[in-house]
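Novice: Here the sequence shown is numbered in UniProt numbering, starting from 1 and rising by one per residue.
Dropping the structure in here first, questions after.
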Amino acid sequence: MSRPTTILDTALDAVGNTPLIRLDRIAEHEGLKCNLLGKVEFTSAGGSVKDRIAKRMVEAAEAEGKLIPGKSVVIEPTSGNTGIGLAMACAIKKMSLEKEAALRGLGAEVVRTPNGVASDAPNSHIGVAHRLEKLIPHGITQILELNVGENLQVSVDEMLYPERLNKEIQLYQEKKRGMMSSVFSAFAFLPLSKAYGSEAEYDVFKKRLLSDKTLTGTEAEKKEFEFLKQWLADPKRAHVEYALVISFNVLELAYPDSALARLRPHRLCRPLAAPAIDPAYLKNPIDVDIVVAGLKFCRRMIATPPYSDAKCVAYDPPASMETDEQLAEFVRAKMEPFYHPISTAAMLPREHGGVVDPNLKVYGTKNLRFADASVIPLMLSAHIQATVYAIAEKCADIIKAAHV
Ligand SMILES: Cc1cc2nc3c(=O)[nH]c(=O)nc-3n(C[C@H](O)[C@H](O)[C@H](O)COP(=O)(O)OP(=O)(O)OC[C@H]3O[C@@H](n4cnc5c(N)ncnc54)[C@H](O)[C@@H]3O)c2cc1C
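Structural data, given as structure tokens:
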């Protein structure tokens, strides 16, 4: 679409329709095979991509009669680009709103709220916005209160000790050798029953897991834990991931990535506040046991031909850590979140904290759907990208079916 060449009536007409610029030199530098384009959103009238949503929201609300020019007050609880976009849209539409200096210049009234208070506190930016919304006639009322963010989950992974990492980086920089000269060459998710050395050991684990009374919480969490217990006790399902890194003359058997080891989901507070995340990794001793069993499996594997013939070295954790207690200590010191966050808009019943329904539609809306990793309600025994693609395909089918 070409840029307008005529005189525009208002700054809102200069929102969107921003240039697309070919970024060939970056694409070449990065070795990209596709076209790399940059969208120059700072050329929008308010200086950011947020102008688009501001314009759309204000015009839609106006069209629906929810915003009355000259009367309505728009309350925006952030002070970023969305605030500036809204200030601009409202200034042009002759409405007032909140924002600091830049916004005052555009005719906004600013109500300061204290930093660092919980987002659901009455004096927080959201609490004050809610109060003003009730006090001021013609304010826009919040329609939906959903559990966005509350069900965040992520798998955990064992990371390198910093000193070991630095050594490997140095080795690579100097000699182009070592762990950094190779990539993960094989991944496998295996059932927990394989991680334990014997059926008897696995049975002891299962008994402990199934009789665990500490796994409580909300109704949804209780259901989730019951489901996880059955899942972890099922010898046919995969639970723990193993990754191989083959380096120069060292076969490093990497770490179990415990896809289901965490039994407490993380917690996020309200989305507009700084997230208060309690990762709760390994708080439950069962989680630690699962990872220790995985590490012991790795050790057994490298002691078994053909790996043993290749003189594999397992040095993280070092062989000097022999007992289960030492390995548990290692696990507690070393586990970190892996790159698979999910479930911030979980597909669950609404009364159990779900955000989208089985058709990916956000509860309480007519046609708003999420199609990304956020809808996956429970950590998978897999890397999640392929599932995200499947969700997108499914969403496309649902939307197409609704229009046929
Ligand atoms: C380093 C790394 C390695 C990974 N390796 C693997 C792997 O090997 N295999 C695997 O299966 N998975 C892997 N994953 C996980 C996988 O990439 C993610 O699970 C997947 O991309 C999630 O897809 P998504 O669409 O939910 O989110 P994303 O892919 O994160 O997409 C979100 C999009 O929203 C955009 N966005 C965010 N905020 C805004 C906003 N306010 N306005 C407009 N746009 C916005 C972002 O720019 C982004 O394009 C890896 C992840 C990382 C970080």
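Even glycine gets a Cβ: it sits at the ideal position worked out from N, Cα and C.
Just so you know, these numbers come straight off a predicted model, no measurement behind them.
1) Whole angstroms are fine: how far does the CA of Val375 sit from the CA of Ala390?
2) Rounding to the nearest angstrom, what Cα-Cα distance links Ala233 and Phe205 in this structure?
3) Shorter than 8 Å, the distance from the beta carbon of Pro341 to the closest heavy atom of ligand 1, or not?
4) Counting only the same chain and skipping the five closest in sequence on each side, list residues whose C-beta sits under 8 Å from that of Ser48.
5) Could you compute how far the alpha carbon of Leu251 sits from the alpha carbon of Lys175?
6) Determine, using beta carbons only, whether Leu378 and Phe227 come nearer to each other than 9 Å.
7) Within its chain, find whatever has a CB closer than 8 Å to the CB of Val362; leave out the 5 residues flanking it on each side and keep chain order.
8) Check whether the region 238-245 and the region 180-187 are in contact - that is, three or more C-beta pairs closer than 8 Å.
9) Could you check the C-alpha separation between Leu192 and Val288 for me, to the nearest Å?
10) How long is the line joining the alpha carbons of Leu263 and Leu215, rounded to whole angstroms?
11) Quick one: does the C-beta of Ile384 sit closer than 8 Å to a heavy atom of ligand 1?
12) Provide the residue(s) that pair with Gln153 in DSSP beta bridges, ordered along the chain.
13) Nearest-angstrom Cα distance between Ser308 and Asp397?
14) What's the gap between the Cα of Val128 and the Cα of Pro137?
15) In terms of DSSP beta bridges, what is Phe227 paired with?
16) Residues in its own chain within less than 8 Å of Thr218 by CB, not counting five upstream and five downstream?
17) Considering only heavy atoms of ligand 2, does any lie closer than 8 Å to the CB of Val49?
18) Nearest CA to the CA of Asn284: which residue from Asp51, Leu165 and Leu209?
19) Let me know if Cys34 comes out buried or exposed under the rule of 16 or more other beta-carbons within 10 Å of its beta-carbon.
20) On a Cα-Cα basis, can you pick out the residue from Glu221, Lys296 and Val156 that is closest to Ser198?
21) Any heavy atom of ligand 1 closer than 8 Å to the CB of Ala373?
22) Can you find a heavy atom of ligand 1 that lies under 8 Å from the Cβ of Val156?
23) Please report how far the alpha carbon of Glu133 lies from the alpha carbon of Ile126, in whole angstroms.
24) List the residues that DSSP assigns as beta-bridge partners of Ile21.
25) Leaving out the 5 sequence neighbours to the left and right, which residues in its chain are closer than 8 Å to Gly16 when beta-carbon positions are compared?
26) Are the CB atoms of Lys334 and Tyr161 nearer to each other than 9 Å?
27) Taking only three categories from DSSP, how would you classify His266?
28) By the three-class DSSP mapping on this structure, what secondary structure does Asp257 have?
29) Across which residues does DSSP place Ala392 in a beta bridge pair?
30) Contact criterion: CB-CB distance below 9 Å. Does Arg300 meet it with respect to chain C?
31) I'd like to confirm the pairing. Which residues does DSSP put opposite Pro337 in its beta bridges?
32) What separation, rounded to the nearest whole angstrom, lies between the Cα atoms of Arg177 and Lys167?
33) What residue does the alpha helix (DSSP H) around Met301 start on, and which one ends it?
34) Check whether the Cβ of Val110 sits closer than 8 Å to any heavy atom of ligand 1, and report yes or no.
35) Measure how close the beta-carbons of Leu152 and Ser320 come, nearest whole angstrom, since I'm counting them as under 8 Å.
36) Just to confirm, is the Cβ distance from Ala373 to Pro341 under 9 Å?
Specialist: Considering the structure as presented:
1) Reading the sequence shown from its first residue, position 390 is the one you call residue 390. Reading the sequence shown from its first residue, position 375 is the one you call residue 375. Distance from the CA atom of Ala390 to the CA atom of Val375, rounded to whole angstroms, is 12 Å.
2) Start at 1 with the first residue of the sequence shown, and residue 233 comes out as number 233. Start at 1 with the first residue of the sequence shown, and residue 205 comes out as number 205. Roughly 9 Å between the two C-alpha positions.
3) The count along the sequence shown starts at 1 and reaches residue 341 at position 341. Checking the Cβ of Pro341 against ligand 1 gives yes.
4) By 1-based counting over the sequence shown, the position of residue 48 is 48. Excluding sequence neighbours, Ser48 sits near Glu41, Phe42, Asn81, Ile84 and Gly85.
5) The residue you call residue 251 lines up with position 251 of the sequence shown. The residue you call residue 175 lines up with position 175 of the sequence shown. Unreliable placement is indicated for Leu251, whose pLDDT of 39 sits below 50; the coordinate value is still reported in the next sentence. One C-alpha to the other measures close to 18 Å.
6) Taking the sequence shown and counting its residues from 1, one reaches residue 378 at position 378. Taking the sequence shown and counting its residues from 1, one reaches residue 227 at position 227. Contact flag set, yes.
7) Taking the first residue of the sequence shown as 1, we reach residue 362 at position 362. Here the set comprises Leu144, Leu146, Ala345, Val355, Val356, Leu368, Arg369 and Phe370.
8) yes
9) Counted from its first residue, the sequence shown places residue 192 at position 192. Counted from its first residue, the sequence shown places residue 288 at position 288. Each residue's Cα considered, the two are about 13 Å apart.
10) Residue 263 sits at position 263 when you count from the first residue of the sequence shown. Residue 215 sits at position 215 when you count from the first residue of the sequence shown. Confidence at Leu263 is low in this model, with a pLDDT of 37, below 50, so the placement of that residue is unreliable and no value is reported for it.
11) Within the sequence shown, residue 384 is the residue found at index 384, counting from 1. True, at least one ligand heavy atom lies under 8 Å from that Cβ.
12) The residue labelled residue 153 in the question sits at position 153 within the sequence shown. The partner list for Gln153 (beta bridge, DSSP) reads Ile342.
13) On the sequence shown, residue 308 is found 308 positions in, with the first residue counted as 1. On the sequence shown, residue 397 is found 397 positions in, with the first residue counted as 1. Note on geometry: alpha-carbon atoms of Ser308 and Asp397 lie some 50 Å from one another.
14) By 1-based counting over the sequence shown, the position of residue 128 is 128. By 1-based counting over the sequence shown, the position of residue 137 is 137. Each residue's alpha carbon lies about 15 Å from the other.
15) Along the sequence shown, one-based indexing puts residue 227 at 227. According to DSSP, Phe227 bridges with nothing at all.
16) By 1-based counting over the sequence shown, the position of residue 218 is 218. Here the set comprises His352 and Gly353.
17) For the structure depicted, ligand 2 is absent and the ligand set comprises only ligand 1.
18) As a first step, residue 284 is located in the sequence shown; it is residue number 284 there, counting from the start. Nearest option by C-alpha distance: Leu209.
19) In the sequence shown, the residue the question calls residue 34 occupies position 34. The residue in question, Cys34, is exposed, as its Cβ has fewer than 16 Cβ neighbours within 10 Å.
20) Position 198 of the sequence shown holds residue 198. Comparing Cα-Cα distances from Ser198 to each of Glu221, Lys296 and Val156, the minimum goes to Lys296.
21) For the purposes of this step, residue 373 is identified with residue 373 of the sequence shown, where counting begins at 1. Ala373: yes, Cβ under 8 Å from ligand 1.
22) Mapped onto the sequence shown, residue 156 falls at position 156. No, ligand 1 has no heavy atom inside 8 Å of this Cβ.
23) Locating residue 133 in the sequence shown gives position 133, where the first residue counts as 1. Locating residue 126 in the sequence shown gives position 126, where the first residue counts as 1. Rounded to whole angstroms, Glu133 to Ile126 spans 10 Å at the Cα level.
24) Residue 21 sits at position 21 when you count from the first residue of the sequence shown. Per DSSP, Gly38.
25) Locating residue 16 in the sequence shown gives position 16, counting from the first residue. Closer than 8 Å at Cβ, skipping near neighbours: Ser44, Asp51, Arg52 and Lys55.
26) Walking along the sequence shown from the start, residue 334 turns up at place 334. Walking along the sequence shown from the start, residue 161 turns up at place 161. Taking 9 Å as the Cβ cut-off, Lys334 and Tyr161 qualify as a contacting pair.
27) As a working note, residue 266 is residue 266 in the sequence shown. The predicted model places His266 with a pLDDT of 37, which falls under 50 and marks its position as unreliable; any figure quoted below should be read in that light. Note: His266 maps to coil in three-state DSSP.
28) Residue mapping note: residue 257 aligns to position 257 of the sequence shown, counting from 1. Any reading at Asp257 is ruled out, since the residue's pLDDT is 42, under 50, leaving its predicted position unreliable.
29) The sequence position of residue 392 within the sequence shown is 392, counting from 1. DSSP, once it has assigned bridges, lists no residue as partnering Ala392.
30) This model lacks chain C altogether, as it is built from one protein chain only.
31) Counting from 1 along the sequence shown, the entry for residue 337 is found at position 337. Partner(s): Val156.
32) In the sequence shown, counting from the first residue as 1, residue 177 sits at position 177. In the sequence shown, counting from the first residue as 1, residue 167 sits at position 167. If I take the Cα positions, the gap works out to 11 Å.
33) What you label residue 301 is simply residue 301 of the sequence shown in a count that begins at 1. From DSSP, the alpha helix (DSSP H) with Met301 extends over Pro285 to Ile302.
34) On the sequence shown, position 110 is the one that residue 110 refers to. Answer for Val110: no, Cβ out of range of ligand 1.
35) The count along the sequence shown starts at 1 and reaches residue 152 at position 152. The count along the sequence shown starts at 1 and reaches residue 320 at position 320. That belief does not hold up - the Cβ atoms of Leu152 and Ser320 are roughly 36 Å apart, past 8 Å.
36) The residue given as residue 373 occupies position 373 in the sequence shown. The residue given as residue 341 occupies position 341 in the sequence shown. Yes, these two residues count as a Cβ contact at 9 Å.
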